[in-house]
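Heads up: the structure comes next, in structure tokens.
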Amino acid sequence: MSARTLVKNLAPLEDGPVSVAGWVEKVRDQKKVQFVVLRDESGAVQLVRPRPEGDDDISRAISGLALGSFVRVDGALKHDERVKLGGIEVRIEGLDVVGASLPESPIADDSSIDKRLDWRFLDLRRPEQNLVLRVQTTFEHALRTWWVENDFVEIHTPKLMASASESRAELFEVGYFGGTAYLAQSPQFFKQMAQPAGLGRVFEIGPAFRADPSFTSRHATEFTSIDAEISWVDSHEDVMRMHEELLVAGLTAVKEKHGEEIEALFGVQVTVPATPFPRIPLAEAKRIVAEHGYTVPRHDEDMDPEGERRIAAYVKETYGHEFVFLTDYASSIRPFYHMRHEGDAALTNSYDLIFNGTEISTGAQREHRIDVLEAQAREKGLDPEELGFYLDFFRYGVPPHGGFGMGLNRVIMLLLGLPSIREVTYLFRGPNRLLP
Ligand code: AMO
Numbered sequence: 059m060s061a062r063t064l065v066k067n068l069a070p071l072e073d074g075p076v077s078v079a080g081w082v083e084k085v086r087d088q089k090k091v092q093f094v095v096l097r098d099e100s101g102a103v104q105l106v107r108p109r110p111e112g113d114d115d116i117s118r119a120i121s122g123l124a125l126g127s128f129v130r131v132d133g134a135l136k137h138d139e140r141v142k143l144g145g146i147e148v149r150i151e152g153l154d155v156v157g158a159s160l161p162e163s164p165i166a167d168d169s170s171i172d173k174r175l176d177w178r179f180l181d182l183r184r185p186e187q188n189l190v191l192r193v194q195t196t197f198e199h200a201l202r203t204w205w206v207e208n209d210f211v212e213i214h215t216p217k218l219m220a221s222a223s224e225s226r227a228e229l230f231e232v233g234y235f236g237g238t239a240y241l242a243q244s245p246q247f248f249k250q251m252a253q254p255a256g257l258g259r260v261f262e263i264g265p266a267f268r269a270d271p272s273f274t275s276r277h278a279t280e281f282t283s284i285d286a287e288i289s290w291v292d293s294h295e296d297v298m299r300m301h302e303e304l305l306v307a308g309l310t311a312v313k314e315k316h317g318e319e320i321e322a323l324f325g326v327q328v329t330v331p332a333t334p335f336p337r338i339p340l341a342e343a344k345r346i347v348a349e350h351g352y353t354v355p356r357h358d359e360d361m362d363p364e365g366e367r368r369i370a371a372y373v374k375e376t377y378g379h380e381f382v383f384l385t386d387y388a389s390s391i392r393p394f395y396h397m398r399h400e401g402d403a404a405l406t407n408s409y410d411l412i413f414n415g416t417e418i419s420t421g422a423q424r425e426h427r428i429d430v431l432e433a434q435a436r437e438k439g440l441d442p443e444e445l446g447f448y449l450d451f452f453r454y455g456v457p458p459h460g461g462f463g464m465g466l467n468r469v470i471m472l473l474l475g476l477p478s479i480r481e482v483t484y485l486f487r488g489p490n491r492l493l494p
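Heads up, the sequence shown stops at 494 in the working numbering, and the numbers go up one at a time, no gaps.
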């Protein structure tokens, strides 16, 4: 096959012969001239052909084009300022319908999200969806670059496990050669293992599974978790510093590469956050929210979604910041592996990170003293026998350490101002969605 030129690379070329290939987005089949808008993965271009007297094979093929068909066109590039779509057009000289489409698309721009997800491959053809995945690629690439430059080691932890990694709730069981395995809810135990293993600083971007029956805009049963874990921390403050630097690197790259397009397609300005991000202890955040007229239900529990929105609005107004670390969560609502405050065991060295009003991350300093860790596991009703493999990590020399887990899909949703992680997940998985 001769080379084709991506639409985004046409404009700098001189007028002359080109080949393009993509999907037919529009056809204007006029008496004197035929127009086709062709979209490939990089953009859209207008194709044009004067209609010959009495028609010919090409003009008949254009008239019969079903929208969505994949075609290849040989022709002549022409720069013309009057063409609204980028000031260029391609005069059609040859047209090959490589992959014809059925005539009726099963989805339209105003189809429900569920319908669009049924036909996700067609939905992803829309420029907005294409941009979502490019933004995600840039973001992940920038994180990886930052990690590598800062001496982190990449790990891939197993997703089949013999025990729960977070809690016994929300746990998927799978049959495993006559026994039972569990799908990893997070890489928590195994990223911690890297500390006594002597790796120093590690990261992973990988799948996590939660058998969570909820249908909210921020929960999936399978999501992509961004995890980091670092040795030699004094407290969760060290983890937060690493976390915010990493996010600055990711958002800087996204703004530089896609800022204008994001503003054009989503009406959102990407802001590179100033450091340090505001930090507010959870108890104080609840007090602030209450002073502003909203009482988070149940006194010693987590911040609820409305509380998150309210504290984010307060932070935005007071500090002009889209991020806020809520710190020092109560031990009662944190896992056994979180280190507790020296002198106040009711509080933990932990935080949640809120971005544009929604939690995107949990982080903490971990308890590395085996006797304390065992006691905390027991106190949470866990069986130290079952956790034996994990507790062993702490018996042979382990440095103080901490880290965080962050939901990739949530970050992208909140960055682009989209209403649901269904919009930003390549193929969403929820309680009633396993297809396609
Ligand atoms: P946590 O359970 O808070 O912490 O999860 C961390 C982040 O993962 C994302 N997340 C989800 N995203 C989509 N759907 C879900 N069902 C879902 N559940 C969680 C959120 C959340 O903030 N091991 C700890 C992290 C750590 O301490 O390092 C953990 O998993 O963005």
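In this text, a Cβ means the ideal position worked out from N, Cα and C, and glycines have one as well.
Residue nearest to residue i in terms of C-alpha spacing, selected from the options
i           : options               : result
residue 143 : 102, 106 and 136      : 102
residue 212 : 98, 257, 171 and 477  : 257
residue 115 : 220, 152 and 146      : 152
residue 50  : 277, 465 and 190      : This structure leaves residue 50 out entirely; the chain is present only between 59 and 494.
residue 404 : 395, 387 and 410      : 387
residue 450 : 105, 428 and 464      : 428
residue 224 : 294, 246 and 296      : 246
residue 468 : 282, 456 and 62       : 282
residue 421 : 189, 70 and 249       : 249
residue 341 : 328, 323 and 360      : 360
residue 93  : 383, 66, 118 and 484  : 118
residue 69  : 464, 426, 312 and 137 : 137
residue 95  : 112, 113 and 129      : 129
residue 303 : 202, 166 and 415      : 202
residue 141 : 285, 105, 168 and 164 : 105
residue 253 : 471, 349, 455 and 368 : 455
residue 393 : 79, 113 and 408       : 408
residue 287 : 312, 244 and 309      : 244
beta-carbon residue i near the ligand AMO non-hydrogen atom, thresh 8 angstroms
i           : result
residue 243 : yes
residue 275 : no
residue 462 : yes
residue 222 : no
residue 283 : yes
residue 97  : no
residue 278 : yes
residue 293 : no
residue 246 : yes
residue 154 : no
residue 419 : yes
residue 320 : no
residue 479 : yes
residue 414 : no
residue 465 : yes
residue 226 : no
residue 176 : no
residue 287 : yes
residue 435 : no
residue 299 : no
residue 270 : yes
Exposed unless 16 or more other CB atoms sit within 10 angstroms - verdict on residue i
i           : result
residue 480 : buried
residue 294 : buried
residue 235 : exposed
residue 204 : buried
residue 88  : exposed
residue 272 : exposed
residue 218 : exposed
Below-9 angstroms beta-carbon distance, residue i vs any chain D residue
i           : result
residue 471 : Absent from the structure is chain D; it holds one protein chain and no more.
For this session: Spell out a yes or no on whether the segment 371-384 and the segment 325-343 are touching, meaning 3 or more CB-CB pairs, one atom from each, closer than 8 angstroms.
Result: A contact exists between the segment 371-384 and the segment 325-343.
Exercise. At a cut of 8 angstroms, does the segment 313-323 reach the segment 186-201 through at least three beta carbon pairs?
Worked result: Segment contact: the segment 313-323 against the segment 186-201, three or more CB-CB distances shorter than 8 angstroms; contact assigned.
Problem set entry | Length at least 4, wholly inside the segment 450-485: the alpha helix (DSSP H) runs in chain order | Scanning the segment 450-485 for uninterrupted alpha helix (DSSP H) segments of 4 residues or longer gives 466-474, listed from N- to C-terminal end.
For this session: Please determine if the segment 152-168 and the segment 115-128 are in contact, where contact requires at least 3 C-beta pairs separated by less than 8 angstroms.
Result: Between the segment 152-168 and the segment 115-128 there are three or more C-beta pairs closer than 8 angstroms, enough to call the two in contact.
Exercise. Which runs of the beta strand (DSSP E) fall wholly inside the segment 369-401 and span at least 3 residues, in chain order?
Worked result: Restricted to the segment 369-401, the beta strand (DSSP E) segments that are unbroken, complete and at least 3 residues in length are 381-385, listed in chain order.
Exercise. At what residue ranges does the segment 95-158 contain a whole run of the beta strand (DSSP E), taking only runs of 3 or more?
Worked result: As for any beta strand (DSSP E) of minimum length 3 sitting wholly inside the segment 95-158, the runs are 101-108, 128-137 and 146-157, ordered along the chain.
For this session: Only counting runs of 3 or more residues, tell me where the beta strand (DSSP E) segments fall wholly within the segment 185-260, in order along the chain.
Result: Counting only runs of 3 or more, we get 231-234 and 237-241.
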